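Let me begin by presenting the structure, written as structure tokens, before commenting on it.
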Amino acid sequence: MPSRIPLILGAGDFGDADSNGRVSDPAVAQDFLDFLVDHGHIGIDTARGYCKGTSEKLVGHLDLRGVACVDTKIFPSQPGDHSPQRLKEILGVSMDALNGKKIRIFYLHGPDRSVPFEDTLETVDSLHKAGCFEQLGLSNFMAWEVAEVVGICRRRDFILPTVYQGVYNLIDRLPEDELFPCLRKFNIKYAAYSPLAGGYLTDRFFVPESGKEIPLQKFDLKFTPSWYQDRYFPMASAITELQRAVKAHDLTLTEVAYRWLQWHSKLRPGDHGIVMAASRKAQIEGTVADCDKGPLQGVVVRACEDAWNKSKGVAKPYWL
């Protein structure tokens, strides 16, 4: 059964090894992209800040085969990064790093609240009119900020945002309450990042054959970035219970996470996609296969609901 929601190749781990890149060989990245394109998934997601800028550089060397599309983002690492002058400068650096590849979606990677949104959006509109990108995206904005942005763009006849990229997975569902209704009202598509909760919805969390609990402090967090630790470690007990439940049905957490997003989440056909990451081709092959398997059994869906109900009290905001 073909998946409902497109997959997007996340390039957050693409880049130089000394810049925290896990995929530094362009040939390996090309192999990832080729496999996804061959299966109908054509998006690549990068950002100026990924791997200290070397992610965009690696993406710039890929063969898009005439169909793949590149999306990139600028995060306000410092106050003022979304001011007119800085935004133009940083996007220029991104365009150079991407080696002339057309930018499909240019995201404001987070709100720069030190700069009036109207000033930022006026600059974005001028960059769009200059042909720097095709669509405007927002990421990590509050729902009311999205509404404010849309209002400014309508009043000033600026380019409107058409895509929002935000966190979303089966144990991180706060966007459903206020953000999704806002986006649907303004016809803004959703791109879900962190489908595996930064690795927490994988077999990194496991229950041994004896069924004995592993103490939470024993989980290996060495390779988990602090943002994900802060966000998902408080949910570790619920995740462990979920893994035991899905294992009883001969499923893995990874498969369940992707199938839940595809078939049981609030995502819908026409949304932008699910941003997936991988360091090995086998992971991509497995993800594509999992997404094509169709809906989960009702008992597994209920286990996912239970995990969320146990986790929502410690869930972090969807915005930055």
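For the record, in the sequence shown the residue sitting at position 319 is 319 according to the UniProt record's numbering, with numbers rising by one throughout.
Ideal placement from N, C-alpha and C gives every residue a C-beta, glycine not left out.
Predicted model only: the values in this text are computed from it and were never measured.
Point to revise | Beta-carbon proximity list for residue 266, same chain, < 7 Å, skipping 5 on both sides | key: Along the sequence shown, read from residue 1 onward, the residue named residue 266 stands at position 266. Within the same chain, residue 266 has close Cβ partners 176, 180.
Next item on the list: Evaluate residue 94 with the Cβ neighbour count: other Cβ atoms within 10 Å of its Cβ, from every protein chain shown; 16 or more gives buried, anything less gives exposed.
Entry: Within the sequence shown, the letter at position 94 stands for residue 94. It is buried - the Cβ of residue 94 has at least 16 other Cβ atoms within 10 Å.
Selection from 228, 110, 190 that minimises the alpha carbon distance to residue 198 = Looking up residue 198 in the sequence shown gives position 198. Of 228, 110, 190, the residue nearest in Cα terms is 228.
Checklist line | Distance between residue 130 and residue 318 (C-alpha atoms, nearest Å) | finding: Here residue 318 refers to the residue found at position 318 of the sequence shown. Here residue 130 refers to the residue found at position 130 of the sequence shown. Roughly 32 Å separates the two Cα atoms.
Given 8 Å as the limit, is there contact between the region 14-33 and the region 273-284, that is, 3 or more CB pairs closer than that? A contact exists between the region 14-33 and the region 273-284.
Practice prompt. Would you mind reading off the limits of the alpha helix (DSSP H) that contains residue 104?
Written response: Along the sequence shown, read from residue 1 onward, the residue named residue 104 stands at position 104. No alpha helix (DSSP H) contains residue 104, which is instead part of the beta strand (DSSP E) from 103-108.
Tell me whether the region 99-114 and the region 75-89 touch, counting them as touching only if at least three CB pairs, one residue from each stretch, are closer than 8 Å. Yes: the two stretches touch, three or more of their Cβ pairs being nearer than 8 Å.
query = From residue 123 to residue 69, what distance separates their C-alpha atoms?
reply = Position 123 of the sequence shown holds residue 123. Position 69 of the sequence shown holds residue 69. Answer to the nearest angstrom: the Cα atoms are 23 Å apart.
Check the C-beta distance from residue 322 over to residue 5 and give it rounded, since I have them as a contact under 8 Å. Absent from the model: residue 322. The displayed extent of the chain is 1 to 320, so no value can be given.
Beta-carbon proximity of residue 11 to residue 67, cut-off 8 Å:
Numbered from its first residue, the sequence shown carries residue 11 at position 11. Numbered from its first residue, the sequence shown carries residue 67 at position 67. Residue 11 places its beta carbon 8 Å or farther from that of residue 67.
Quick one: is residue 313 buried, meaning 16 or more other Cβ sit within 10 Å of its Cβ, or exposed?
Looking up residue 313 in the sequence shown gives position 313. Answer is exposed; the Cβ neighbour count stays below 16.
- Item | Straight-line Cα distance separating residue 114 from residue 80 | Here residue 80 corresponds to residue number 80 of the sequence shown, with the count starting at 1. Here residue 114 corresponds to residue number 114 of the sequence shown, with the count starting at 1. Distance from the CA atom of residue 80 to the CA atom of residue 114, rounded to whole angstroms, is 6 Å.
task = Keeping to the same chain, check which residues put their C-beta closer than 7 Å to that of residue 97; ignore five residues upstream and five downstream.
result = Position 97 of the sequence shown, counted from the start, is the residue given in the question as residue 97. Within the same chain, residue 97 has close Cβ partners 53, 56, 57, 60.
### Query
Out of 268, 271, 300, 254, which has the shortest C-alpha to C-alpha gap to residue 290?
By one-based count along the sequence shown, residue 290 stands at place 290. Selection 268, 271, 300, 254 evaluated against residue 290 yields 254 as nearest (Cα-Cα).
### Message
In the DSSP output, which residue or residues are listed as bridge partners for residue 9?
### Response
Along the sequence shown, one-based indexing puts residue 9 at 9. Looking at the DSSP assignment, residue 9 forms a beta bridge with 44, 276.
*So is residue 260 buried or exposed if we call it buried at 16+ other beta carbons inside 10 Å?*
Residue 260 sits at position 260 when you count from the first residue of the sequence shown. Counting Cβ neighbours within 10 Å, residue 260 comes out buried, since at least 16 surround it.
_Once the 5 residues before and after residue 302 are set aside, which same chain residues still bring their CB inside 6 Å of it?_
Counting from one through the sequence shown, the residue named residue 302 turns up at place 302. Once the five neighbours on either side are set aside, residue 302 has no close Cβ partner at all.
What whole-angstrom Cβ distance do residue 166 and residue 140 have, given they're in contact under 8 Å?
Position 166 of the sequence shown holds residue 166. Position 140 of the sequence shown holds residue 140. That pair is a contact at about 7 Å.
Note down the Cα distance separating residue 149 from residue 248, rounded to an integer number of angstroms.
-> Along the sequence shown, one-based indexing puts residue 149 at 149. Along the sequence shown, one-based indexing puts residue 248 at 248. In a straight line, the C-alpha of residue 149 is about 47 Å away from that of residue 248.
Q. What distance in whole Å lies between the Cβ atoms of residue 152 and residue 117, which are believed to be in contact at a cut-off of 8 Å?
A. Mapped onto the sequence shown, residue 117 falls at position 117. Mapped onto the sequence shown, residue 152 falls at position 152. At roughly 6 Å, the Cβ-Cβ gap stays under 8 Å, so residue 117 and residue 152 are in contact.
Distance CB(residue 285)-CB(residue 14) smaller than 8 Å: Here residue 285 is taken as the residue at index 285 of the sequence shown, counted from 1. Here residue 14 is taken as the residue at index 14 of the sequence shown, counted from 1. Not a contact, by the Cβ cut-off of 8 Å.
### Task
Inspect the beta-carbon positions of residue 164 and residue 146 and report whether they are closer than 8 Å.
Taking the sequence shown and counting its residues from 1, the one referred to as residue 164 is at position 164. Taking the sequence shown and counting its residues from 1, the one referred to as residue 146 is at position 146. Yes, the pair counts as a contact, with Cβ atoms nearer than the cut-off.
- request: Starting from the C-beta of residue 211, find all residues in its chain whose C-beta is less than 8 Å away, skip the five residues before and the five after it, and write them out in chain order.
  value: Here residue 211 refers to the residue found at position 211 when the sequence shown is read from its first residue. Residue placement at residue 211 cannot be trusted, given a pLDDT of 47 that sits under 50; what the coordinates show is reported in the next sentence. Shown here for residue 211: same chain residues with a beta carbon closer than 8 Å to its own, the five before and five after excluded, namely 244 in chain order.
- [ ] From the DSSP output, in three-state form, read off residue 161 for me.
- [x] Taking the sequence shown and counting its residues from 1, one reaches residue 161 at position 161. Under the three-state reduction of DSSP, residue 161 is assigned to strand.
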